[in-house]
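Asks: Pasting a structure here, questions to come.
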Amino acid sequence: MAAVSQLEKTKTHRHSAVVRVTHWLTFVAFVALLVTGGEIVISHPRFYWGEVGNVNTHPLFVIPIPASRDTVPTGYGYVMPDQNGWSRYLHFEAAWVLLLAGLVYGIYGLWSGHFRKNLIPARRDWKWRAYRDRMAKYMRRERADRAEEGAYNVLQRTAYLVVILVLFPLIIWTGLAMSPSFTSAFPATAALLGGRQSARTIHFFVSWLLVLFLIVHVTMVALSGFWSRMRAMITGYTRDPEEDR
Amino acid sequence: MNPISRRKLIYGSVAAAAGIGGLAVAERLASRYGLIPPDGSGIYGPGETLTYACQRVLTARTPARTFPRSMISKNPFANAVAPPKDEFKRLQAGGFRDWRLVVDGTVARPMSLSLADLKSLPIESQITEVACEEGWSYIAEWIGTPLSNVLREAGVLPHSRYVVYYAIEKSLWGSIDMADAMHPHTYLTLGMNDGDLPVPFGGPLRMRVPRQLGYKSLKYLTHVTVTDDIKKFGSGKGSVDPDYGYSWYAGI
């Protein structure tokens, strides 16, 4: 193994194959879920809290857009085209892709030590000060220091863990809580959230939190070198950091 | 080729072969145990099949969610229905005395039942939620006789797989598998909230499938056909809904 090629010397390994494949599957599934979820919302852009809600009950809030059903009073004089059929088919198919990719990633993450090594913040960073200090560095737009090369800082680690351990599980849970068949087997999935309509409302807000994450994530990727980061997430390798500068 | 890429190639090939082999075996098993829905082909087929197969494994016999009387919606929403045709108006003028429910197909004793005949069967009630695919919902008490009572009277033949049902307007039809058809909460619904079933809510007779979304609970029911071959009906996708782009299985 003495003969290391010239190419390998300038490359740094960043992401394993499982991380890369599940990352892009999740991305494709998420975009499909977002578009189709938006289409489904258009058929009833009113949200409620509790078990039930319909046009005869008081909404928690209303999105001020025209609906794709003439039974929903929106104040607009026209009705949007109905896209719910294919949107629902694709929503659930994409949900399966997301769930299966998430399962593979989760099992791999535990088994390979990926969570422990790359995502759980170091013990010394388990304090607010560590977050504040790293945030201050971002605010001053400081370069990542040597210790952060090839590793995530405490803010990145926390953001990824919140997405992986809180937001995705919550959006899957709230989605299943809207299934009349799934809740027949597991009624607590809906009851614990306060009811079917509460689940729908939480599902809606969690999807916005995931969109917020996506915007920040892509922005940070762009600021830290878009093509270098894309290369790392596609091929697994990034060129020597000095070359990116 | 260096050792690492060769090892990766071997692992990759084994994984791909196992994946394809696994899919083929899964498809065989799903087909054998009736876990592929009638619309389980095409680009959305894998998702529909996964959903339906998992739901059948998990929920074949689980009871629908029921609610206390205090949660019955004060102002339930009936949803829009097409204006009634002349035949419906004629039956309505006669107080629905001539309304018939035809039960046929793969049954030992085909029959034609009046509403009075249905009311002479054991009547039960359930307080369950109607959830529309659009997102809205309401809770009501539904009064009727479980479909399984009628199916038992008619004598469902053992190879039967689906129950197809039609509204008075024959272009509106759907179907459910035997697990849902024999489910104790699947009703031929005659009443709602201690009264007769109002026409806007599907009166005089509505199929009630509380473990699926509202569009499976067909209004103005006139005909139930038991079958072993769902492909013979319409475009073969189990109901009119896939023709409009909506999935056959609406448990989610």
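So the protein lines, in turn, are chains B and X. Quick note: the first sequence, position 17, residue 17 per our numbering, numbers continuous. Just add 245 to the spot in the second sequence (first one is 1) and you have our numbering. Note that CB positions come from ideal geometry on N, CA and C, so glycine has one too.
1. Have a look at K137 (chain B) and V166 (chain B) and give me their C-alpha separation to the nearest angstrom.
2. Which residue marks the beginning of the alpha helix (DSSP H) containing Y407 (chain X), and which one marks its end?
3. Among X:L295, X:P282 and X:A327, whose alpha-carbon lies nearest the alpha-carbon of A271 (chain X)?
4. What is the DSSP secondary structure of S422 (chain X), counted as helix, strand or coil?
5. By the criterion of Cβ-Cβ separation under 7 angstroms, what are the contact partners of T57 (chain B) in chain X?
6. Helix, strand or coil for H44 (chain B) per DSSP?
7. For I372 (chain X), which residues does DSSP report across the bridge?
8. What is the DSSP secondary structure of H58 (chain B), reduced to helix, strand or coil?
9. Taking the alpha-carbon positions, what's the G400 (chain X) to N84 (chain B) distance?
10. State the DSSP-derived secondary structure class of L268 (chain X), mapped to helix, strand or coil.
11. Compare the C-beta of P73 (chain B) with all C-beta atoms of chain X and state if any pair is closer than 9 angstroms.
12. For the stretch 460 to 469 of chain X and the stretch 398 to 414 of chain X, state whether three or more C-beta atom pairs, one from each stretch, are separated by less than 8 angstroms.
13. Kindly identify the DSSP beta-bridge partner or partners of H203 (chain B).
14. Should H13 (chain B) go down as buried or exposed, given a rule of 16 or more other Cβ atoms within 10 Å for buried?
15. Looking only at its own chain, which residues have a Cβ that is under 8 angstroms from the Cβ of A305 (chain X), when we skip the five neighbours before and after it?
16. If the criterion is Cβ atoms closer than 9 angstroms, does the pair H430 (chain X) and P321 (chain X) meet it?
17. Looking at the unbroken beta strand (DSSP E) that takes in T12 (chain B), where does it start and where does it end?
18. Output the distance between the C-alpha atoms of H203 (chain B) and I171 (chain B), rounded to the nearest integer angstrom.
19. When burial is assigned at 16 or more other CB atoms within 10 Å of the CB, is M178 (chain B) buried or exposed?
20. DSSP three-state label for V72 (chain B), please.
21. Between which two residues does the beta strand (DSSP E) containing T472 (chain X) stretch?
22. Less than 9 angstroms between CB atoms is the rule here; does T470 (chain X) satisfy it with respect to chain B?
23. Please report whether the beta-carbon of R20 (chain B) lies at a distance below 9 angstroms from any beta-carbon of chain X.
24. L90 (chain B) versus chain X: which residues are under 9 angstroms apart at the beta carbon?
25. Show which residues of chain X have a CB atom less than 8 angstroms away from the CB atom of T183 (chain B).
26. Are the Cβ atoms of D439 (chain X) and I384 (chain X) separated by less than 9 angstroms?
27. Quick check on DSSP: helix, strand or coil for T304 (chain X)?
28. The beta strand (DSSP E) with T238 (chain B) in it runs from where to where?
29. Assess contact between the stretch 39 to 47 of chain B and the stretch 67 to 75 of chain B, defined as three or more Cβ pairs (one per stretch) separated by less than 8 angstroms. Is contact present?
30. Could you have a look at T189 (chain B) and say whether DSSP puts it in helix, strand or coil?
31. For a contact meaning CB atoms closer than 7 angstroms, what does G496 (chain X) contact in chain B?
32. Would a check of beta-carbon distances place L458 (chain X) closer than 9 angstroms to chain B?
33. Can you find a C-beta in chain B that's less than 9 angstroms from the C-beta of T296 (chain X)?
34. Mind listing the chain X neighbours of G85 (chain B)? Cutoff is C-beta to C-beta under 7 angstroms, in chain order.
35. Under a three-way DSSP split, which group does D145 (chain B) fall into?
36. So with Cβ pairs under 9 angstroms, would you call I255 (chain X) a contact of chain B?
Replies: Let's see:
1. 26 angstroms
2. Premise fails: Y407 (chain X) lies in the beta strand (DSSP E), Y407 to A412, not in any alpha helix (DSSP H).
3. X:L295
4. A small correction: the amino acid at residue 422 (chain X) is Asp; Ser does not occupy that position in the sequence shown. Looking at D422 (chain X) - three-state DSSP - the assignment turns out to be strand.
5. N320
6. coil
7. X:E386
8. coil
9. 38 angstroms
10. helix
11. no
12. yes
13. According to DSSP, H203 (chain B) bridges with nothing at all.
14. exposed
15. A424
16. no
17. K11 to H13
18. 6 angstroms
19. buried
20. coil
21. L466 to T472
22. no
23. no
24. I288, Y289 and G292
25. R310
26. no
27. helix
28. Y237 to R239
29. yes
30. helix
31. S179, P180 and S181
32. yes
33. yes
34. Y489, G490 and Y491
35. coil
36. no
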